[in-house]
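The block underneath contains the structure these notes are about, expressed in structure tokens.
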Amino acid sequence: MVVIIKIGTFFLNFIYFFIKLFPVKKQVTFISRQSNEVPFEFRMIAKELRRRDPDIKIKYLCRTLDGGIQSSVWNKVKYAFHMFTQMYYIATSKVVILDTYCIVVSLLKHKKQLKVIQMWHSMGTMKKFGYQILDQGEGSDSKVAHAMKMHHNYDYIFCAGEGYLHILAVGFNYEDDYMRVYPLPRVDLLQSRHYKEKKRKQIFEKYPKLKEKPVILYVPTFRKDETRFVDACSKIMKSLDEDYNLVMKLHPLSKMKIDTEKVFACEEFSSFEMLFAADYVVSDYSCIIYEAAILNLPIHFYNFDLDEYEGVRGLNIDYKNDLPGMISDDFGKIMNAIKYETYDFDKLNDLKNKYIRPTNHATKDIADFVESLL
8 MVVIIKIGTF
18 FLNFIYFFIK
28 LFPVKKQVTF
38 ISRQSNEVPF
48 EFRMIAKELR
58 RRDPDIKIKY
68 LCRTLDGGIQ
78 SSVWNKVKYA
88 FHMFTQMYYI
98 ATSKVVILDT
108 YCIVVSLLKH
118 KKQLKVIQMW
128 HSMGTMKKFG
138 YQILDQGEGS
148 DSKVAHAMKM
158 HHNYDYIFCA
168 GEGYLHILAV
178 GFNYEDDYMR
188 VYPLPRVDLL
198 QSRHYKEKKR
208 KQIFEKYPKL
218 KEKPVILYVP
228 TFRKDETRFV
238 DACSKIMKSL
248 DEDYNLVMKL
258 HPLSKMKIDT
268 EKVFACEEFS
278 SFEMLFAADY
288 VVSDYSCIIY
298 EAAILNLPIH
308 FYNFDLDEYE
318 GVRGLNIDYK
328 NDLPGMISDD
338 FGKIMNAIKY
348 ETYDFDKLND
358 LKNKYIRPTN
368 HATKDIADFV
378 ESLL
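First residue of the sequence shown: 8, per this note's numbering; consecutive thereafter.
Structure representation (structure tokens):
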């Protein structure tokens, strides 16, 4: 595998040498492997940049490699052609903004004037990732990671707050000097009364029954082996109080089927959007908790597989001491806490203040920074 990667890297750099002969433009290229759709935060930044200077060129390159390294030959071929497109726009841009790992950004030798910003796709990283978990459980093989130059060539890495700065630097294998505290643009939406009211209206128009009872939003993280997860979800059904509505937003890669006769899947809306209709949030190791904290939503933690998860993945947070709300592997206890116990909002605020720098203009701040590089 390593030999194949080295040969492929040489081949790509040979082609890229000629692509780099094209002139650089006043251009910002946004690249994502998270979705085939353009992330809304890319659009927010681009809109602000264009408002300031209509001459700034914007290019979005968003495509997933379904199945990753295990994907079909045809999917690999299609993504290879997409990589050539990426190479052209990277070579002709002044700034590239990523929200995840990008193969050609890390593997290739770029022009000196190019600036690459890693704007990670979540508000933090409760779970260990990247270089923190090489050769462990769900981590990458270290030989392959080094051959692929995983997360190389970043000039700046954004994080939401000082509490995560060093943790993210370690995960990306960078010194702290590369880090910049810029919360994601979604912070602006989370603090916008207009956006919240608009989104709630859209959700309740589509699902009017959600207005009849308080809404519990369950947002679990992804597990490669869902055996225990399926059993844990069945226990949720047994413990759910009939005075509450439950919305389950599974990870996009999850293969579990939701019984929509008992709970709401709300497939038309993302987990982020559903926060605006929620009264309570239940999670486990998902970074959506930071977004919920900004909305001041009571958060509880259903950690039915904490022992296993710490073994295969590991956590960047003091799970039992830093987190607010009920923490239990028994959903019945969480249900009782929601229904009968007084919530500790001071501890919720402590979590928020530790990991997210407060701001009312996250998008503007990022646009300021990007504009300074053009």
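Backbone N, C-alpha and C fix where the C-beta goes; we use that ideal spot for every residue, glycine too. Just so we're clear, the structure is a prediction, and the values are computed from it rather than from any experiment.
Starting from the C-beta of residue i, find all residues in its chain whose C-beta is less than 7 Å away, skip the five residues before and the five after it, and write them out in chain order.
i           : result
residue 222 : 252, 254, 284, 285, 286
residue 42  : 69, 71
residue 81  : none
From which residue to which residue does the alpha helix (DSSP H) around residue i run?
i           : result
residue 2   : Missing from the structure shown is residue 2; the chain here goes from 8 to 381 and no further.
residue 93  : 80-98
residue 207 : 200-213
residue 333 : Element bounds for residue 333: n/a, residue is neither H nor E.
residue 21  : 9-26
residue 367 : Taken as a continuous stretch (DSSP letters only), residue 367 belongs to no alpha helix (DSSP H), as it is neither H nor E.
residue 296 : 295-301
residue 243 : 234-246
If we cut at 8 Å on Cβ distances, does residue i have a partner in chain C?
i          : result
residue 59 : Annotation note: the requested chain C is absent from the structure, which comprises a single protein chain.
Nearest to residue i by CA position, among the options, is which residue?
i           : options            : result
residue 145 : 317, 8, 217, 98    : 317
residue 44  : 21, 68, 35         : 68
residue 119 : 27, 375, 299       : 27
residue 241 : 188, 218, 336      : 336
residue 304 : 198, 233, 87, 85   : 198
residue 261 : 248, 234, 243      : 234
residue 292 : 345, 136, 42       : 136
residue 346 : 352, 310, 360, 248 : 248
residue 215 : 360, 273, 176, 313 : 273
residue 324 : 307, 381, 174, 265 : 174
residue 250 : 177, 342, 80, 288  : 342
residue 115 : 18, 327, 344       : 18
residue 320 : 367, 232, 373, 339 : 232
residue 15  : 111, 328, 372, 381 : 111
residue 25  : 94, 376, 366, 90   : 94
residue 98  : 8, 22, 170         : 22
residue 313 : 307, 306, 326      : 326
Is the distance from the Cβ of residue i to the Cβ of residue j below 8 Å?
i           : j           : result
residue 52  : residue 370 : yes
residue 126 : residue 179 : no
residue 39  : residue 142 : no
residue 224 : residue 245 : no
residue 123 : residue 148 : no
residue 87  : residue 364 : no
residue 191 : residue 183 : no
residue 37  : residue 29  : no
residue 63  : residue 381 : yes
residue 113 : residue 160 : yes
Would you give the residue range spanned by the beta strand (DSSP E) that residue i belongs to?
i           : result
residue 69  : 64-69
residue 51  : No beta strand (DSSP E) holds residue 51; the alpha helix (DSSP H) holding it covers 47-59.
residue 309 : 306-309
residue 254 : 252-255
residue 197 : From DSSP, residue 197 is part of no beta strand (DSSP E) but of the alpha helix (DSSP H) over 193-197.
residue 113 : Run containing residue 113: none in the beta strand (DSSP E); it sits in the alpha helix (DSSP H), 110-114.
Would you report the Cα separation of residue i and residue j, rounded to the nearest angstrom?
i           : j           : result
residue 334 : residue 276 : 27 Å
residue 83  : residue 70  : 12 Å
residue 330 : residue 290 : 11 Å
residue 117 : residue 102 : 12 Å
residue 296 : residue 20  : 41 Å
residue 239 : residue 362 : 29 Å
residue 302 : residue 65  : 31 Å
residue 54  : residue 138 : 34 Å
residue 217 : residue 264 : 20 Å
residue 354 : residue 311 : 22 Å
residue 61  : residue 32  : 14 Å
residue 378 : residue 56  : 7 Å
residue 85  : residue 79  : 10 Å
residue 92  : residue 208 : 40 Å
residue 367 : residue 89  : 36 Å
residue 236 : residue 357 : 30 Å
residue 59  : residue 35  : 14 Å
residue 188 : residue 8   : 37 Å
residue 212 : residue 372 : 34 Å
residue 328 : residue 169 : 19 Å
residue 181 : residue 204 : 40 Å
residue 96  : residue 177 : 29 Å
residue 158 : residue 10  : 19 Å
residue 374 : residue 206 : 25 Å
So, for residue i: in the same chain, excluding its five sequence neighbours on each side, which residues have a beta-carbon less than 8 Å away from its beta-carbon?
i           : result
residue 3   : Outside the displayed range of the chain (8 to 381) lies residue 3, so it cannot be described from this structure.
residue 12  : 151, 154, 155
residue 228 : 134, 258, 290, 291, 292, 293
residue 309 : 225, 227, 239, 243, 289, 290, 291, 335, 336, 338, 341
residue 132 : 171, 174, 175, 178, 294, 323
residue 351 : 331, 332
Considering only residues of the same chain and omitting the five flanking positions on each side of residue i, which have a CB-CB separation below 6 Å?
i           : result
residue 359 : 300
residue 270 : 253, 255
residue 315 : none
residue 230 : 236
Say yes only if the C-beta of residue i is nearer than 7 Å to one or more non-hydrogen atoms of the ligand NAP, and no if none qualify.
i           : result
residue 116 : In the structure shown, the ligand NAP is absent, as is every other ligand, since no ligand is present at all.
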